[in-house]
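Have a look at the structure below, then the notes.
Residue numbers (our numbering): 14 to 415.
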């Protein structure tokens, strides 16, 4: 992430003609929405500056300070624009407090995305000159062409052995699109089926309709024909050792939505509820594991696993005293074996899979899954979650409530 010197920021702040800068006097009223639109537009970088966009909070339109207090709470609210799930794919941005022209300002630096088009609440925002608007069809095509295929995550690599016929048009048009785009955008959409697939990164381009890994995972008819490891293996073991008898097993496949829904049903069937009528005046409903904790760890395993060069599934082994969820692929990027699970330490091996899970409602916000799971385990009276990490896998252990 580029860090600007004070003199560089002052030059941008004072250049009222620059299309790489926006200024807001405060972060009140409709500014949080307008700021997210600006982040989306700078991420898309339609003019192809290949330079960060800058959003100043605490500056008037003429570049002079508005002299609002830049508090820690404000900085946290600004940083939340990155992970609240309203801007997809997740933007690359930094937030800092700087002193410019003798006053404090919040400076948000937004990097151009490697994976345009970027959407805010289902709308693609762009900026050219002083104009910020929703992208028209031609601008959206330009953004699709801007995607840099040599510097992209594996989840939007093409799968040459697959064909557009391997994607479900029904799921794409009836389930994915209504969740991914605002209704007015869909109603005004004159794009072809191939153009819409390319815009959502489900195929390589409108001219080359080879499905991507994301397309097969999200709306593939049988994704496992091309990505054999993209399934969940469930075992219910009657005992505490892997060699003990197996009482239930299932390989759960299909596209992401079907796979996760079936997995949740399977886990729910084994998480038997008990009723305590002795220890308190009113009966208490008890569960061995809080459902939300299991869900969050399962979603994390599917999101953060490696799909590249492996046929290993996500493994869910349910023992009498614990659940072990094994995700292929070790920690990624900023997350290491040493800092795994620490608050605020996140990175995304499959950012576009994350977008799909958010679109379908499995994820509400990013970077909070483990924290949510830990909170639910504590609330239910379970021991804290344990993690075993190495270069090849992450194993999460949820121990039964005693």
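Note that the Cβ used here is the ideal one computed from N, Cα and C, for glycine as well.
Asked                                                                                                            : Found
Segment contact, 8 Å Cβ cut-off, at least three pairs: the segment 367 to 384 with the segment 93 to 102         : yes
Option nearest residue 326 by Cα separation, candidates 272, 359 and 353                                         : 272
Buried or exposed (CB count within 10 angstroms, at least 16 for buried), residue 347                            : exposed
C-beta atoms of residue 225 and residue 234 nearer than 8 Å                                                      : no
Residues bridged to residue 116 [DSSP beta-bridge criterion]                                                     : 113
Supposed contact pair residue 344 and residue 408 - C-beta distance, whole angstroms, cut 8 Å                    : That belief does not hold up - the Cβ atoms of residue 408 and residue 344 are roughly 12 Å apart, past 8 Å.
Reduced DSSP category for residue 398 - H, G, I as helix; E, B as strand; rest coil                              : coil
Opposing strand residues paired with residue 305 [DSSP bridges]                                                  : According to DSSP, residue 305 bridges with nothing at all.
When 160, 158, 132 and 155 are compared against residue 147, the one with the closest alpha-carbon               : 132
Range covered by the beta strand (DSSP E) that runs through residue 146                                          : 144 to 147
Alpha-carbon spacing of residue 296 relative to residue 199, whole angstroms                                     : Confidence in residue 296 is poor, its pLDDT being 47 and thus under 50, which makes the residue's placement unreliable; the coordinate value appears in the next sentence. Cα-Cα distance, rounded: 50 Å.
Endpoints, the alpha helix (DSSP H) within which residue 339 is located                                          : Premise fails: residue 339 lies in the beta strand (DSSP E), 335 to 341, not in any alpha helix (DSSP H).
Counterpart residues of residue 233 in DSSP-defined beta bridges                                                 : 180
Member of 79, 249 and 206 whose CA lies at the smallest distance from the CA of residue 264                      : 249
Residue span of the alpha helix (DSSP H) that contains residue 198, given as start and end                       : 196 to 200
Residue 65 vs residue 141 beta-carbon contact at 8 Å                                                             : no
C-beta contact flag for residue 121 and residue 180 at 8 Å                                                       : no
Reduced DSSP category for residue 66 - H, G, I as helix; E, B as strand; rest coil                               : strand
Per DSSP, cross-strand counterpart(s) of residue 263                                                             : 247
Opening and closing residue of the beta strand (DSSP E) in which residue 137 lies                                : 136 to 141
Which listed residue (302, 188 and 144) has its alpha carbon closest to that of residue 336                      : 302
For residue 239 and residue 174, believed in contact at Cβ under 8 Å, the rounded distance                       : 6 Å
Whole-angstrom distance between residue 373 and residue 331, CA atom to CA atom                                  : 27 Å
Whole-number beta carbon distance between residue 363 and residue 320, since they are thought to touch under 8 Å : 7 Å
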